[in-house]
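Here's the structure, in structure tokens; my notes come after.
There are 2 protein chains.
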Amino acid sequence: MPAKRTLAEELASRQREISVAEFFERNRQILGFDNPQRALLTTVKEAVDNSLDACEEAGILPDVLVEISRLGEDRLKVAVEDNGPGILRREIPNVFGRLLYGSRFHSNRQARGQQGIGISAAVLYAGLTTATPAHIISKVRESPTANVLDLVLDTSRNLPRIVAEDVMLWGDRTSGVRIELTIRGRYQRGRQSPYEYLRGTAIVNPHSRLVLVEPDGTRTTWDRATPELPKVPQEIPPHPHGLELGELMQRLRSSRKPTLGEFLTSDLSGVTRRALADILARAGFTGKEDPRGLHGEAVEKLLEALRATPMAPPSADCLSPIGPLLIKRGLKNVLGPIKPEFYAPPVSRPPKVHSGCPFLVEVGLVYGGELPPDQPVQLLRFANRVPLLFQQGACAITNTVAHMDWRRYGLEQKSSALPVGPVLILVHVASTKIPFTSEAKEAIAEQEDLTREIELALQAAARNLKLHLSRRTRRAMAQEKFAIIRRILPRLAEKTSGLVGKPVPDLDRVITRIMDVVTVEIQGGGKDPSSPSREARIEITNYTARTRHLELFLEVPLEATGPGFRADPPAASVQPEMGRVSWDLLKLSPSERKVFQITWASGAELDPEDVDVFVAGVDEAHLLGADPLPGDWDVRLPAALVEAAEKGEDSAGPLPNPGEEDEEVDYDATERKESVSQNED
Amino acid sequence: MPAKRTLAEELASRQREISVAEFFERNRQILGFDNPQRALLTTVKEAVDNSLDACEEAGILPDVLVEISRLGEDRLKVAVEDNGPGILRREIPNVFGRLLYGSRFHSNRQARGQQGIGISAAVLYAGLTTATPAHIISKVRESPTANVLDLVLDTSRNLPRIVAEDVMLWGDRTSGVRIELTIRGRYQRGRQSPYEYLRGTAIVNPHSRLVLVEPDGTRTTWDRATPELPKVPQEIPPHPHGLELGELMQRLRSSRKPTLGEFLTSDLSGVTRRALADILARAGFTGKEDPRGLHGEAVEKLLEALRATPMAPPSADCLSPIGPLLIKRGLKNVLGPIKPEFYAPPVSRPPKVHSGCPFLVEVGLVYGGELPPDQPVQLLRFANRVPLLFQQGACAITNTVAHMDWRRYGLEQKSSALPVGPVLILVHVASTKIPFTSEAKEAIAEQEDLTREIELALQAAARNLKLHLSRRTRRAMAQEKFAIIRRILPRLAEKTSGLVGKPVPDLDRVITRIMDVVTVEIQGGGKDPSSPSREARIEITNYTARTRHLELFLEVPLEATGPGFRADPPAASVQPEMGRVSWDLLKLSPSERKVFQITWASGAELDPEDVDVFVAGVDEAHLLGADPLPGDWDVRLPAALVEAAEKGEDSAGPLPNPGEEDEEVDYDATERKESVSQNED
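Sequences listed follow chains A and B, in order.
Every position in the first sequence, counted from 1, becomes a number in our numbering once 1364 is added.
Every position in the second sequence, counted from 1, becomes a number in our numbering once 1364 is added.
Structure representation (structure tokens):
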């Protein structure tokens, strides 16, 4: 320290600017590059997310290839190639070699990438750990050749530096991008692996075709499950609810609209003509004011008026939810082998708004099968269709699940821990701006509005779980009763009839009397690969004392309803894109039985466990072997069924305990009663 | 979209640069400003951390005032004032109004602030939520007046904008800074409050004086517990271990040293003359090469040589550990009211290195008292002397605690959850670069080297816990035995003596025979506030069959050893700064008892539970009512004691079961044996 320098000057002389690239170089754990395993995943994730975003923006069904090869101890080459629109030569260096540069940051709509950091961070990391440049190939449709660039990120200036450049013919590819990075990384399967990430991506992006080539040469393909691109989210202005004073001031100051009225209706969303009048009246403005001329108290008054005025909810156009149908489909695709006994109808909440940004929450819940019963529930977290694999403990999704009281819904739980049980929960948050806890985008921060929505969605799913569990208990009891009756009654009847010298009575009627249920039984299939069964029989029997008007619905795997699918009697409706089959209204007298048969599409192998059977027209207390039609079918039931339900015809009092009657059955009385019941009908 | 524009051009036109301030404005949860409660804490924390850093760098004992006042619903004014060196006028705008600008980012030593983001982020947040500028007063010693500036952060350019400026006389303050911010925030006490943050700061910064004024006017002062400033961490060059290839290349390229030899010894730390020769020989260099002239394979060879060469560990000069003594003191200060039964000797690990950055881990562990026995352990996390209050679930400290098997150490634990028990664990990580998971600096990222050190430190503390728990069990058994013997023997002796017509024998000798322990009893104190006791008696009795050479040590509260403190017999050593008292070697024959008395310093009220008693010269199996001297005392024991311990004189075989003898005591035989023992001595 020079003798004459004062302390304050000495301290001041140390102050200096920090390049954003230097900052992230020194804090690479913030970007998700803190250990070789996580660094590999982050690299793959940033590249694939970019590819999917680019394809969808350009209206192209994504076809993404990920190749990982080992070059040495902890040294991997990662290549990601897509069929997207490609990147113009002039933008390539900045897109890949500059932090905080991108196309999606300033747009207010759902996208995987939002920060303009991800892929450049991977390039930075490659340079830092292996001193190799990124190798990029890009072709746009209009150019006959592809550009080839080798570039590095210069951290002290946060700018790209091109090391080598060329052009080439790129096979028959119309357009696309390929990036190759050599990084310090470690490949392993299992949790938090590129395999898991791509599998999760496939669940929530069923329109994508994803291929992974692992270092040992194993090639896995996740095929497209639907040829439909999700609708492209539209950019919308921010919604006034949740805007802060400073934000509103900035927006007013930077507005290009001539009047306050136009600012409110064009620079914000949700402000209808009626709301506008309301706002202006409340704040005491005419609407003709110059938005750039408002300051201090005037803006505070405006903000108060905005907060007080009821507003249209934000448009969901800027969001791209997965939807209940595809959530269920995605879960079934992945969970098939573990045969869960129950898929709760997925929940897709309506959009809400936080700090002017619309968002929505979707939840899927699966119970039973081979899910471990004594472990914490499995949680699949997704943000804007991207699986989140790290930082589970830091995530608002995890915390919201843990802080709900799951004991109310039939699961074990220690205070504030994940509940325990054979359950898998999928939570998807879609937003124009996901509040990630860090640039690594692995955990969502706690925000009251958001956690409230997650909680509501979870509660809806949990209520269905509870319903299922109590239904399961009730059904188990009914099935036990049914089994006992069917085993004991014939022997009892035979013996008694012999003793009194009378013919054996019609047992179906007696069963009807005791059981008071409609039963559904499904048979068929078979696991023998040499002669795969392709037919299933569904038997429906009315063991109640009334004639029933019922409808039968099946949900089968998509491939089952392809060419070759047959239903006998012919189904009234087959929706192949949803795997749904239904028949016309069906009339069943007491003790009457009807049989339905389906034949699988050619090539598909039938497994009766893949068939979900639903029955409408009888409440679930009187239904055995099938479920009531869930809400997500959204079927308009015939008036007769609705009427029956409204009349509450099933709510007859409890039957006498059959166990008490076993010893002393009065067949005559039984028959008499039955006749009375029939006459009533 | 203009008709002639291609898709690729359209997409390219959307690409643009993102200002770092815009980025953080949109992602303010990353900086710790995502809800009003957390935003308040982050604001206080950033300001206080800066104040403490500045004071310590300038060699000033910190005196920091935090005032929080309520201006309206969710609108708070936060003022933080320090007695630091102040900031020169020309640096004020950049320090407070520009992200990624600071003095500590490029220096390689421990500091609270490292990123050059914190306080400017608070200014950004204030502007965003309340549209008010930051109000800053700063005075350096050399200037008679203080500068007063009102400034805001212009997010689109990430530059400060001065709104108003003035100078003023600032009372009798020599130097210092005061910042006032108006923010959207919510004040509450409890977990994650400014109160908790300052309390935690006081624990690990006992040299600071902190004052908090809450919105309701409550004023809390945490006084300095020591007048000694921690040693100022020195800046050192990075250590070669853990350097990546790309990092090494950059350092070579930007080196100002003329030769490779000088680069290695001056631009890196830990490279001794001997290591240098080794490195050069391994890599095949002379040391005369120009560091900027090395490329490709040459650098790879150099890196291999650096990795293969044994190197001096990094100097700890760049770190400022709290140290075992102050950890214990800090914990005792805070936990006093809950009277823990055991403070494990704090663990302070030697420095290690990760990616060229030295770091070290310290752990304190407390057991029992009023800590809840059926709750997860309480975890106090600290990074560079700063309490971490949020994101516990995301932190490597938490995960390391949860993944250790605590059942081995006597605590309950579900797999991979925090253990359950009346335990509080303090973990402090000190590093030249803490790998935080985000800019909010609330959780530490998982890094193998770091978690390994945390684990080792926790294991050391846990072993002491286990020792304590088994000692406690053993002692409880011994005490029970002692109590029974003291109750039964006199009655037995009286009755038997009466029967045989002999006098009652000396029971101490019999007790000695049966117990074979040295007992320590402490009496005194009392909780009556009207007549506070100021004296304590320590009675030490040798109920073993040998003459003992012992030393007695006390640890008492610091204030107890102030003026007025007396020890009778006079203590051989009193260390008031550590609250430690010890006496000279003490000789106790079998059955002999000695009494020591201490008198508290005037004004201090004695509580015997505040006195820790340690005895050297007898192993813990033969000691009742005191603990063996713990390792952190670092006392050189007299040769006689060491010798005795080495000869293992206490390891006599087990005594006959006293229970079997109770019915049939042969007093003569007992006395004979006692005499033999005495002669042996």
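Where a beta carbon is used, it is the ideal one built from N, C-alpha and C, also for glycine.
What you are looking at is a predicted structure, and each value in this text was computed from that prediction instead of being measured.
If we call anything under 7 Å between Cβ atoms a contact, is residue i one with residue j?
i: A1965 of chain B; j: F1917 of chain B; result: no
i: S1811 of chain B; j: H1718 of chain B; result: Note on identity: in this sequence residue 1811 of chain B is Gln, with Ser being the wrong assignment. Taking 7 Å as the Cβ cut-off, Q1811 of chain B and H1718 of chain B qualify as a contacting pair.
i: Y1559 of chain B; j: K1409 of chain B; result: no
i: L1513 of chain A; j: S1484 of chain A; result: no
i: I1547 of chain A; j: A1490 of chain A; result: yes
i: I1789 of chain A; j: L1729 of chain A; result: yes
i: P1604 of chain B; j: L1632 of chain B; result: yes
i: Q1379 of chain A; j: E1664 of chain B; result: no
i: V1872 of chain B; j: S1955 of chain B; result: Reading off the sequence shown, one finds Asp at residue 1872 of chain B, where the question assumed Val. Closer than 7 Å, so yes.
i: E1726 of chain A; j: P1677 of chain A; result: no
i: S1802 of chain A; j: T1801 of chain B; result: yes
Would DSSP call residue i helix, strand or coil?
i: I1500 of chain A; result: strand
i: F1978 of chain B; result: strand
i: W1586 of chain A; result: strand
i: C1721 of chain A; result: strand
i: H1913 of chain B; result: strand
i: H1792 of chain A; result: strand
i: S1802 of chain A; result: coil
i: E1984 of chain A; result: helix
i: T1636 of chain A; result: coil
Assign residue i to buried or exposed, taking buried as 16 or more other Cβ atoms, counted over all protein chains shown, within 10 Å of its Cβ.
i: L1533 of chain A; result: exposed
i: K1951 of chain A; result: exposed
i: H1767 of chain A; result: exposed
i: L1863 of chain B; result: exposed
i: Q1478 of chain B; result: buried
i: T1582 of chain A; result: exposed
i: I1818 of chain B; result: buried
i: A1900 of chain A; result: buried
i: K1866 of chain A; result: exposed
i: P1933 of chain A; result: exposed
i: D1494 of chain A; result: The sequence shown places Thr at residue 1494 of chain A, rather than the Asp named in the question. It counts as buried.
i: M1841 of chain A; result: exposed
i: V1428 of chain B; result: buried
i: T1509 of chain A; result: exposed
i: P1602 of chain B; result: buried
In whole angstroms, give me the CA-to-CA distance for residue i and residue j.
i: I1500 of chain B; j: V1531 of chain B; result: 11 Å
i: A1498 of chain B; j: L1488 of chain A; result: 35 Å
i: E2024 of chain A; j: D1880 of chain A; result: Any answer about E2024 of chain A is weak, because its pLDDT of 36 lies below 50 and its placement is not dependable; what the coordinates show is given next. Spanning the two alpha carbons is a distance of roughly 17 Å.
i: N1906 of chain A; j: V1874 of chain A; result: 12 Å
i: S1383 of chain A; j: D1398 of chain A; result: 20 Å
i: G1554 of chain A; j: L1753 of chain A; result: 11 Å
i: A1847 of chain A; j: G1694 of chain A; result: 36 Å
i: K1778 of chain B; j: K1778 of chain A; result: 10 Å
i: E2044 of chain A; j: V1938 of chain A; result: The predicted position of E2044 of chain A is uncertain, since its pLDDT is 38 and thus under 50; a value taken from the coordinates is nonetheless stated next. Those two C-alpha atoms are separated by around 36 Å.
i: R1850 of chain B; j: T1883 of chain B; result: 13 Å
i: G1890 of chain A; j: V1945 of chain A; result: Here the model assigns G1890 of chain A a pLDDT of 49, short of 50, so the residue's position is not dependable, and the following value carries that caveat. The alpha-carbon atoms of G1890 of chain A and V1945 of chain A are separated by roughly 21 Å.
i: T1925 of chain B; j: P1940 of chain B; result: 5 Å
Within 6 Å: the Cβ of residue i and any heavy atom of the ligand MG?
i: N1569 of chain B; result: The ligand MG is not part of this structure, which contains no ligands at all.
Q.
If contact is defined by three or more beta carbon pairs under 8 Å, each pair taking one atom from either stretch, is the stretch 1834-1842 of chain A in contact with the stretch 1982-1995 of chain A?
A. yes
Do three or more CB pairs link the stretch 1513-1524 of chain B to the stretch 1697-1716 of chain B at distances below 8 Å?
no
field: At least 3 beta-carbon pairs within less than 8 Å: the stretch 1654-1664 of chain B vs the stretch 1573-1582 of chain B
entry: Contact fails: fewer than three Cβ-Cβ distances are below 8 Å.
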